[in-house]
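Asks: The sequence shown begins at 11 in this note's numbering and counts up one residue at a time.
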Amino acid sequence: MAASLKTINDLVNDEIGQSFTVNALPALGAEITHIDLSRVLNHKDYLRIKQAFLEHHVLVFRDQDITPEQHVAFSRFFGPLQIHVLKQFQLANHPEILIISNIKENERPIGLGDAGAFWHSDLSYKEIPSLGSLLYARQLPAEGGDTHFADMHLAWQTLPLHLKKAIEGKQAEHTYIKKYAELQARSPWRPNLTQAQLEEVKPVVHPVVTRHPDTGLNTLFVNENFTSRIIGLPQDESDDLLAQLFAHSVKPENVYIHQWQDNDLVFWDNRSVIHLAAGTPDHLPRKLYRTTVEGTRPLAA
Numbered sequence: 011m012a013a014s015l016k017t018i019n020d021l022v023n024d025e026i027g028q029s030f031t032v033n034a035l036p037a038l039g040a041e042i043t044h045i046d047l048s049r050v051l052n053h054k055d056y057l058r059i060k061q062a063f064l065e066h067h068v069l070v071f072r073d074q075d076i077t078p079e080q081h082v083a084f085s086r087f088f089g090p091l092q093i094h095v096l097k098q099f100q101l102a103n104h105p106e107i108l109i110i111s112n113i114k115e116n117e118r119p120i121g122l123g124d125a126g127a128f129w130h131s132d133l134s135y136k137e138i139p140s141l142g143s144l145l146y147a148r149q150l151p152a153e154g155g156d157t158h159f160a161d162m163h164l165a166w167q168t169l170p171l172h173l174k175k176a177i178e179g180k181q182a183e184h185t186y187i188k189k190y191a192e193l194q195a196r197s198p199w200r201p202n203l204t205q206a207q208l209e210e211v212k213p214v215v216h217p218v219v220t221r222h223p224d225t226g227l228n229t230l231f232v233n234e235n236f237t238s239r240i241i242g243l244p245q246d247e248s249d250d251l252l253a254q255l256f257a258h259s260v261k262p263e264n265v266y267i268h269q270w271q272d273n274d275l276v277f278w279d280n281r282s283v284i285h286l287a288a289g290t291p292d293h294l295p296r297k298l299y300r301t302t303v304e305g306t307r308p309l310a311a
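1) Classify glutamine 149: buried if its beta carbon has 16 or more other beta carbons within 10 angstroms, exposed otherwise.
2) Count the other CB atoms within 10 Å of the CB of leucine 15; is the residue buried (16 or more) or exposed (fewer)?
3) With three or more beta-carbon pairs closer than 8 Å as the criterion, would you say the segment 106-116 touches the segment 259-267?
4) Can you have a look at serine 238 and say buried or exposed, based on whether 16 or more other CB atoms are within 10 angstroms of its CB?
5) Take the Cβ of threonine 302 as the centre, count every other Cβ of all protein chains shown within 10 Å, and call the residue buried at 16 or more, exposed below.
6) State the CB to CB distance for the pair proline 151 and leucine 294, rounded to an integer number of angstroms; the pair is presumed to be in contact (CB under 8 Å).
7) Take the Cβ of tryptophan 166 as the centre, count every other Cβ of all protein chains shown within 10 Å, and call the residue buried at 16 or more, exposed below.
8) I need the DSSP call for lysine 16, collapsed to helix, strand or coil.
9) Looking at the secondary structure, which residues open and close the alpha helix (DSSP H) in which histidine 163 lies?
10) Hey, could you find the ends of the beta strand (DSSP E) valine 82 is sitting in?
11) Is arginine 196 helix, strand or coil when you go by DSSP?
12) Indicate the three-state DSSP secondary structure (helix, strand or coil) for leucine 96 in the structure shown.
13) When the Cα atoms are used, what is the spatial distance from arginine 296 to glutamine 98?
14) Excluding five sequence neighbours on each side, which residues of the same chain lie with their C-beta closer than 6 Å to the C-beta of leucine 80?
15) Just the Cα atoms here: how many angstroms apart are leucine 309 and threonine 220?
16) Contact defined as beta carbons within less than 8 Å: I believe glutamate 304 pairs with glycine 155. What is the distance between those atoms, to the nearest angstrom?
17) Kindly identify the DSSP beta-bridge partner or partners of leucine 71.
18) Out of Glu209, Pro198, Val232, state which residue places its alpha-carbon closest to the alpha-carbon of alanine 160.
19) From the DSSP output, in three-state form, read off leucine 57 for me.
20) At the level of alpha carbons, what is the spacing between proline 223 and asparagine 202?
21) Between leucine 252 and asparagine 116, what straight-line distance do the alpha-carbon atoms span, to the nearest angstrom?
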């Protein structure tokens, strides 16, 4: 069986381990060095990575030289992979990989160039949202291209009491198309969605405050890109409350800004953080590959 199709047990029970270091970053996240993700990991390595992931929410693996098959194989350690609705931006022969890029070939974009233009949690608009995403840098611009991450556990913990009371027991609708027309107006090349694609991204409802399935920590689970309304409130009241939640979530003290280096692979917990792409000048090429790990149905706190 090909390496990319090995089961988790095949991969983590390999006897050859690796020595690597986990160094916490300011505010949020951790940097992992002296690890080679092109090699299989043993059980101890896997558990260390999983523990670091749950503790720090964002992991930065430096200096990786991996193939698409190895990217997919490592991603599968953590669960089944999800396929993005914009299938025209899949990497050839690797439907699990979404190309994030502003590069055009023959006047056509090769990837999703404006991905992350608004704060969001990947695939929060699905009945079963994402556990996490793994983004691998293949070509970086000389300037720009940073990714911002905001800690949604901390956002909940520091939320003013009156806002906690306002959202107690509430649910919110998430929809992929909330900002889609606005994104198309900014980026005319962004494709229209077919009826089949629209069927894949019907609106869903999730708790406003969720409980992390692994750590038990409460998390504010709303984001400006996909959360369209709070169920049971008039739209104007819902808009006002969501605006307050969004603003609180991304205060500077809650945010880590990742400045990409060549061959970085960043793995973040979509149940714990939201993220934003800061933007790249159009004339500077940028290309990254993203896999997305399936999570579980969000639990109410």
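Glycine included, C-beta positions come from ideal geometry on N, C-alpha and C.
Replies: The short version:
1) exposed
2) Its pLDDT being 36, under 50, leucine 15 is placed unreliably by the model, and the measurement read from it follows with that caveat. Under this definition leucine 15 is an exposed residue.
3) no
4) buried
5) Looking at its Cβ environment, which holds 16 or more other Cβ atoms inside 10 Å, threonine 302 is buried.
6) 3 Å
7) buried
8) Only weak support is given to the placement of lysine 16: the predicted model assigns it a pLDDT of 40, under 50, and the value that follows is read from those uncertain coordinates. Three-state DSSP puts lysine 16 in coil, outside helix and strand.
9) 162-167
10) For valine 82, no beta strand (DSSP E) run applies; the uninterrupted alpha helix (DSSP H) run containing it begins and ends at 78-86, by DSSP.
11) helix
12) coil
13) 18 Å
14) Leucine is not the amino acid found at residue 80; the sequence shown has glutamine there. If you ignore the 5 residues before and after glutamine 80, its C-beta comes within less than 6 Å of the C-beta of Ser48, all in its own chain and listed in chain order.
15) 5 Å
16) Contact doesn't hold; Cβ gap of about 27 Å is too wide.
17) A small correction: the amino acid at residue 71 is phenylalanine; leucine does not occupy that position in the sequence shown. According to DSSP, phenylalanine 71 bridges with Ile42, Leu275.
18) Val232
19) helix
20) 35 Å
21) 41 Å
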